[in-house]
Amino acid sequence: MFPSFAANLTKPPSRFHGAVQMTIPRRAFWAALCLALALVPAACESVKPKKLLPFEPRHLMLWKYYEASPELKAKVEDWTRKLESDNPEVRASAATSLLSTEHPVAIETLIQVLQQSEIPGAKIAVAKAFGFAEDDRAVAPMVALLDDPDPEVQKAASESLARIRTRKTLTRLAEVLQRPDAPLSFKVAAVQTLGAMRDQRAAEPLIPLLTTANGPLREAAKLALEKISNQSLGDDARKWQDWWEARKAKTREQWLEETVEKHEKTIARLEKENEALKTELAVQTVKALDGRADKRDPAPLLEGLKHAYPEVRVYAAKELGKTKSPAVVSALVEALLDKDARVRAAAAASLGELGDRGATSGLSAALRDEDASVREAAARSLGKLKDWGTADALVLLLGDGSEDVCAAAAEALGDIGDQRAVPSLIKALTHSSPKVREAAAGSLGKVRDPRAARPLIQALSDPNERVRWYAADSLGALGQAEAEDPLIAALADENPRVRESAAIALGKLGGVRAVPALTKLLKDADKRVAEQAAEALVRVAGEKFETLDAVATALYNSGDFKRAVLVLDKQLEKYS
Numbered sequence: 003m004f005p006s007f008a009a010n011l012t013k014p015p016s017r018f019h020g021a022v023q024m025t026i027p028r029r030a031f032w033a034a035l036c037l038a039l040a041l042v043p044a045a046c047e048s049v050k051p052k053k054l055l056p057f058e059p060r061h062l063m064l065w066k067y068y069e070a071s072p073e074l075k076a077k078v079e080d081w082t083r084k085l086e087s088d089n090p091e092v093r094a095s096a097a098t099s100l101l102s103t104e105h106p107v108a109i110e111t112l113i114q115v116l117q118q119s120e121i122p123g124a125k126i127a128v129a130k131a132f133g134f135a136e137d138d139r140a141v142a143p144m145v146a147l148l149d150d151p152d153p154e155v156q157k158a159a160s161e162s163l164a165r166i167r168t169r170k171t172l173t174r175l176a177e178v179l180q181r182p183d184a185p186l187s188f189k190v191a192a193v194q195t196l197g198a199m200r201d202q203r204a205a206e207p208l209i210p211l212l213t214t215a216n217g218p219l220r221e222a223a224k225l226a227l228e229k230i231s232n233q234s235l236g237d238d239a240r241k242w243q244d245w246w247e248a249r250k251a252k253t254r255e256q257w258l259e260e261t262v263e264k265h266e267k268t269i270a271r272l273e274k275e276n277e278a279l280k281t282e283l284a285v286q287t288v289k290a291l292d293g294r295a296d297k298r299d300p301a302p303l304l305e306g307l308k309h310a311y312p313e314v315r316v317y318a319a320k321e322l323g324k325t326k327s328p329a330v331v332s333a334l335v336e337a338l339l340d341k342d343a344r345v346r347a348a349a350a351a352s353l354g355e356l357g358d359r360g361a362t363s364g365l366s367a368a369l370r371d372e373d374a375s376v377r378e379a380a381a382r383s384l385g386k387l388k389d390w391g392t393a394d395a396l397v398l399l400l401g402d403g404s405e406d407v408c409a410a411a412a413e414a415l416g417d418i419g420d421q422r423a424v425p426s427l428i429k430a431l432t433h434s435s436p437k438v439r440e441a442a443a444g445s446l447g448k449v450r451d452p453r454a455a456r457p458l459i460q461a462l463s464d465p466n467e468r469v470r471w472y473a474a475d476s477l478g479a480l481g482q483a484e485a486e487d488p489l490i491a492a493l494a495d496e497n498p499r500v501r502e503s504a505a506i507a508l509g510k511l512g513g514v515r516a517v518p519a520l521t522k523l524l525k526d527a528d529k530r531v532a533e534q535a536a537e538a539l540v541r542v543a544g545e546k547f548e549t550l551d552a553v554a555t556a557l558y559n560s561g562d563f564k565r566a567v568l569v570l571d572k573q574l575e576k577y578s
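Residue numbers for the sequence shown follow our numbering, so the first one is 3 and each next one is one higher.
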């Protein structure tokens with residue numbers, strides 16, 4: 003138990019107790035006493051004594067206590083009692099509340115707790131309150147607590163003093179080091195506290211200890227100096243003194259700037275090492291998941307989807323798409339909200355692999371994700387689900403700022419096959435990005451709307467070879483006769499893949515006008531082009547005897563005897 007200063011103030015001195023208490027109320031007694039004490043200086047002045055007794059701070063606090071409102075006095079007394087609570091949270095709250103009143107009686111009560119309380123928890127709570135507030139009014143008793151028998155009290159006092167970086171704190175701690183009667187453990191604690199303050203001014207009283215102190219104290223001083231300076235100069239006092247002389251003239255701001263710079267470098271190094279450790283742990287976790295006994299059981303992967311490391315969640319999301327289990331859809335939809343974009347993108351892609359339309363709503367929302375890779379994956383997956391209800395949202399995505407997202411939206415619209423998207427896909431054929439034009443050209447072939455024929459014919463002249471390639475392929479899918487001549491012209495394209503695609507398309511159209519151009523292509527330097535030209539010739543040979551004969555001869559002369567026989571059989575069947 004410890005005394006309450008507020009409670010003590012309400013008790014009259016024992017020598018007055020009997021008579022005064024019996025004749026006048028306690029409050030009236032103290033009011034009269036305070037008035038008398040206040041008049042003492044004036045009375046003494048009138049008789050001009052040789053020496054005046056001082057007006058003690060206790061008298062001022064007594065006066066202020068009775069000046070305070072009843073509510074405040076009640077709170078002070080209540081908080082003082084709560085400092086004795088068994089609950090550390092209650093003690094901490096009480097100490098903080100008392101300190102925040104700024105009332106002299108409350109402050110004196112807290113100081114008396116530090117000086118006289120037999121309850122370690124109370125002293126800890128009060129010390130932490132002063133430290134948190136960085137209030138140095140209780141520095142002296144807090145320094146004394148560094149010699150407290152309870153190690154937890156010592157720790158609380160040291161940590162709190164380290165927060166109160168005032169000259170008063172430094173001076174009090176330095177005084178401990180000068181006291182010959184101070185125990186060694188007390189001095190070591192003071193040195194450690196000075197180090198924890200990380201204040202350049204603390205270096206000056208520490209350096210002499212490197213030559214005058216014994217082993218433990220010297221070692222503590224060295225460690226404290228290293229903590230303050232971020233230097234490793236050992237226990238060589240001369241080196242430390244040189245270091246101090248070079249830096250003592252620096253302002254606190256300059257010192258802090260230098261310290262911050264060193265800390266930033268250290269933090270960067272530690273962060274790099276930490277990331278390396280995280281990566282290694284993630285790799286090991288992924289290996290463990292990959293080596294799971296039952297690949298069909300999604301449970302380990304579902305747990306991996308909740309892992310702390312995003313690399314593990316990404317792996318789990320990707321693997322869940324391979325399970326083909328409808329049971330994992332909801333977990334992957336939830337993963338579309340993961341804080342890591344890589345996880346969201348992997349989840350979106352896997353939902354497309356699963357092909358469950360129950361994910362349509364989540365994927366549609368993901369089209370508005372802030373990360374382009376997520377929007378791209380969501381668009382591709384919606385294309386795989388082939389839900390016409392998502393076409394409008396995908397059309398809007400054709401105007402996305404990312405070419406990859408635009409291309410994915412164009413491809414998805416082709417997979418869905420909704421002809422309402424044809425005008426938007428035709429417009430995309432003039433997009434600034436070749437990747438988007440290519441995707442649009444390919445998708446128009448999948449939708450197979452005749453309106454796309456003329457725009458695709460124009461795309462055969464696109465400066466990008468892949469756009470020309472996909473345009474030729476899609477014209478073959480549309481089967482419009484008006485594309486025959488442009489495709490024949492495309493057989494002379496400089497790019498072999500375009501020539502190959504044009505040959506295939508002409509074979510699908512079946513027009514005999516392509517026979518001469520296709521015949522020339524049998525000698526193309528690119529084997530794939532020559533192969534597709536031969537295949538197209540078999541298809542376009544038509545019904546006329548002369549055409550069939552010319553095609554069979556051309557194939558025979560090129561060494562393609564198998565196809566030549568096929569054409570001859572067709573000729574014999576027709577004209578025998």
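We put the beta carbon where it would ideally sit given N, CA and C, even for glycine.
Residue i: first and last residue of the uninterrupted alpha helix (DSSP H) it sits in
i, result
"residue 71", "Neither: residue 71 is in no alpha helix (DSSP H) and is coded neither H nor E."
"residue 95", "90 to 103"
"residue 305", "301 to 306"
"residue 461", "455 to 461"
"residue 117", "106 to 118"
"residue 514", "From DSSP, residue 514 is part of no alpha helix (DSSP H); its letter is neither H nor E."
"residue 322", "312 to 322"
"residue 490", "486 to 492"
"residue 534", "529 to 542"
"residue 330", "Careful: residue 330 lies outside any alpha helix (DSSP H) and carries neither H nor E."
"residue 339", "Per DSSP, residue 339 belongs to no alpha helix (DSSP H) and is neither H nor E."
"residue 87", "Per DSSP, residue 87 belongs to no alpha helix (DSSP H) and is neither H nor E."
"residue 298", "Careful: residue 298 lies outside any alpha helix (DSSP H) and carries neither H nor E."
"residue 207", "205 to 208"
"residue 221", "217 to 231"
"residue 435", "Element bounds for residue 435: n/a, residue is neither H nor E."
Outcome for residue i when other beta-carbon atoms lying within 10 angstroms are tallied against a minimum of 16
i, result
"residue 652", "The requested residue 652 is not part of the displayed model; the chain covers only 3 to 578."
"residue 242", "buried"
"residue 299", "exposed"
"residue 166", "buried"
"residue 332", "exposed"
"residue 234", "exposed"
"residue 561", "exposed"
"residue 434", "exposed"
"residue 47", "A caution first: residue 47 carries a pLDDT of 47, below 50, which makes its placement in the model unreliable, though a value can still be read off. Exposed."
"residue 82", "buried"
"residue 189", "buried"
"residue 527", "exposed"
Closest residue to residue i among the options (Cα-Cα distance)
i, options, result
"residue 509", "542, 438, 533, 491", "542"
"residue 383", "405, 577, 334", "334"
"residue 287", "126, 175, 198, 312", "312"
"residue 143", "452, 128, 150, 116", "116"
"residue 228", "445, 572, 194", "194"
"residue 374", "277, 348, 517", "348"
"residue 580", "203, 223, 81, 168", "Any question about residue 580 goes unanswered here, given that the chain covers just 3 to 578."
"residue 120", "108, 87, 323, 388", "87"
"residue 149", "179, 315, 449", "179"
"residue 464", "74, 292, 432, 520", "432"
"residue 219", "200, 405, 184", "184"
"residue 101", "90, 122, 77, 123", "77"
"residue 176", "490, 424, 466, 204", "204"
Separation of residue j from residue i, as counted between CA atoms
i, j, result
"residue 497", "residue 328", "45 Å"
"residue 95", "residue 138", "19 Å"
"residue 500", "residue 303", "44 Å"
"residue 511", "residue 367", "42 Å"
"residue 507", "residue 473", "10 Å"
"residue 453", "residue 326", "38 Å"
"residue 72", "residue 107", "14 Å"
"residue 420", "residue 571", "42 Å"
"residue 196", "residue 338", "51 Å"
"residue 426", "residue 531", "32 Å"
"residue 105", "residue 112", "11 Å"
"residue 513", "residue 557", "18 Å"
"residue 226", "residue 154", "20 Å"
"residue 483", "residue 316", "49 Å"
"residue 389", "residue 457", "26 Å"
"residue 573", "residue 369", "56 Å"
Which ranges would you report for the alpha helix (DSSP H) in the stretch 343 to 419 if only whole runs of at least 4 residues count? 343 to 356, 362 to 368, 374 to 387, 393 to 399, 405 to 418
Which parts of the stretch 121 to 199 are runs of the alpha helix (DSSP H), unbroken and 4 residues or longer, counting only runs that do not cross its ends? 122 to 135, 141 to 146, 153 to 165, 169 to 180, 186 to 199
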